[in-house]
Amino acid sequence: MTKYKKLVLPLILVLGVLLVAVFGKSLSAKSATKDNRTQIVFWHEMGGPSEDALEQVVDGFNKSQNKYKVVPKYQGTYDEAIQKILQTHNTNTSPAVFQAFDIATAQMIHSGYTTPVQDFIDEDNYDVNKVLPVARAFYSNNGKQQAMPFNTSQPVLYYNASLLKKYNITPPPVSPTYSDITRVAKELYEKSGHKTKGMTVQVYGWFMEQALANAGTQMANKNDGHTGNPTKVKINNPDTVEFLNWIRENIKSGDFIDYGSGANAGANQTAGFLSDKVGIFIQSSASIGQLTKDNKNDLGITYFPHPDNKKANGVSIGGAALWISNDKPKNIQRGAFEFIKYTLKPEVQAQWQKSTGYLALNKDSQKTKILKDLYAKNPESKVPADQLAKAKPNYSNSGVLMEGMQLTRQLEEVAMETVYNGGDIDQALNTADNNINENLTQLNKANGYK
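Numbered per this note's numbering, the sequence shown spans residues 38 to 487.
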């Protein structure tokens with residue numbers, strides 16, 4: 038019996054392992070094929086904590102219904118994603134819904150690769166008025182909503198409230214003029230014994246464009262591209278000159294610090310602000326989370342500054358929107374729109390703002406407990422939301438719908454750097470205009486635009 042047991046037991050064990058393997062695979066296969074929902078492939082460019090927050094949005098949608106399943110796929114930077122979207126259209130690998138950043142809007146419209154979300158808005162009688170108008174305006178063309186804003190930011194001005202209190206300096210008003218900021222910057226520099234620079238403005242083309250928007254000025258003809266394809270840009274105008282003169286005044290006073298351009302400049306100015314090396318700077322509203330976490334000082338926030346002789350017109354948005362690919366069957370496009378509608382629910386938008394710093398776009402989000410609790414803890418977090426809500430959309434603050442904006446930004450930054458380094462403002466802006474218009478003419482010719 039002992040010998041028999043020695044032979045049988047191993048056989049039983051082997052058979053057991055085989056049965057587990059076979060039935061386990063069968064159960065696993067059944068589990069994998071159980072979800073028969075229509076797949077909606079979603080390409081995005083959110084990385085780090087923002088990707089985690091996006092995964093929560095996607096998971097929430099997938100659990101909210103049983104007809105569609107959104108499958109998110111990270112595609113790298115905004116520029117990288119745009120190229121992939123254009124190259125894969127009409128292939129099996131193209132997405133059903135995708136995220137594209139603001140300055141690619143004209144490129145996406147002209148591509149002919151998308152279905153305007155307006156088509157589904159009309160089908161559903163969807164109340165788009167719940168979505169803040171300035172955010173919608175950037176992605177609207179010829180009376181149609183082309184895409185729906187998603188991760189949305191605006192530029193705001195941050196200041197070190199603790200240092201201002203320490204040196205008995207009156208803070209700037211909520212909607213400051215250039216001279217309001219200069220006053221605070223000069224006082225902070227002098228009263229700190231030159232230990233803290235008063236202000237900085239990063240060399241960033243987006244800020245130059247926002248200065249024009251807030252002054253009510255358009256940089257491109259055809260109403261910044263909203264009533265036709267732009268054929269000419271004029272950066273050299275009185276409002277750009279005033280913006281750069283404001284910066285130069287502070288440079289000459291010694292209260293300005295130049296952190297340069299690019300990603301490192303943004304990181305360095307934030308580090309300088311948090312370490313009391315500079316007291317005021319302009320940056321995206323999406324930076325609030327970083328500036329409130331582990332900050333030993335109280336944070337102050339105002340709207341983007343405006344010229345002294347003009348009322349604030351409001352600034353345009355940054356960030357990206359969600360677009361629907363037209364190379365997919367109607368039922369998949371419908372699923373894409375259902376997902377877009379879900380992302381705009383008040384609670385979803387409120388949690389998105391809390392998790393990422395991007396602004397909640399549904400007007401009803403401000404009534405949610407999520408944002409009420411956030412504002413009770415960090416009152417300054419409400420300032421960017423107020424700035425966005427109060428702005429009335431017009432051609433000047435609804436973004437620039439023009440191809441070649443990536444190069445345009447670079448040329449704007451060359452002009453800014455020239456001025457920061459003491460160059461002639463008029464000459465720097467004329468050079469930018471000439472180079473931008475030359476590139477625009479070539480693009481329009483290549484694309485067959487008149």
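The C-beta atom is built at its ideal place from N, Cα and C for all residues, glycine as well.
Item	Value
For Asn368, which residues from the same chain have a beta carbon less than 8 Å from its beta carbon, with the 5 sequence-adjacent residues on both sides left out?	Thr75
Can you tell me which of the three DSSP states Asn476 falls into?	helix
Could you tell me which of Val270, Gly316, Val78, Asn305 sits nearest to Lys203, measuring between CA atoms?	Gly316
Sort out for me which residues DSSP pairs Thr293 with in a bridge.	Reading the sequence as shown, one finds Phe at residue 293 and not Thr. Answer by DSSP bridge pairing, in chain order: Met236.
Any chance the CB of Leu91 is under 6 Å from a heavy atom of the ligand MG?	Because no ligand of any kind appears in the structure shown, any question about the ligand MG cannot be addressed here.
Using the Cα positions of Arg220 and Asp164, report the straight-line distance between them to the nearest angstrom.	45 Å
Between the beta-carbon of Ala133 and the beta-carbon of Met145, is there less than 7 Å?	no
Exposed or buried, which one is Val211 when buried takes at least 16 other CB atoms within 10 Å?	exposed
Does DSSP put Ser212 in a helix, in a strand, or in coil?	coil
Phe244 to Gly230, Cα distance in whole Å?	29 Å
Residues in the same chain with beta-carbon distance under 7 Å from Val33, minus the five sequence neighbours each way, listed in chain order, please.	Look at the range of the chain in this structure, 38 to 487, and you will see that residue 33 is not part of it.
For Pro209 and Ile218, what's the separation of their Cα atoms in angstroms?	6 Å
In terms of residue numbering, what span does the beta strand (DSSP E) encompassing Ser362 cover?	355 to 362
Where does Met185 fall in DSSP's three states?	strand
Using the C-alpha atoms, what's the distance from Gln183 back to Val154?	6 Å
Answer with buried or exposed for Gly372, where buried requires no fewer than 16 other C-beta atoms within 10 angstroms of its C-beta.	buried
Cβ of Asp335 within 7 Å of Cβ of Ala422?	no
In terms of alpha-carbon separation, which member of Asn162, Leu123, Leu169, Asn301 lies closest to Gly149?	Leu123
Count the other CB atoms within 10 Å of the CB of Ala491; is the residue buried (16 or more) or exposed (fewer)?	Because the chain spans 38 through 487 in this model, residue 491 falls outside it and cannot be assessed.
Just checking, does the segment 341 to 354 make contact with the segment 241 to 255 on the three C-beta pairs under 8 Å criterion?	yes
Nearest to Val193 by alpha carbon, out of Ile288, Ile294, Asp261, Glu417?	Glu417
Mind checking whether Ile361 and Thr152 have CB atoms under 7 Å apart?	yes
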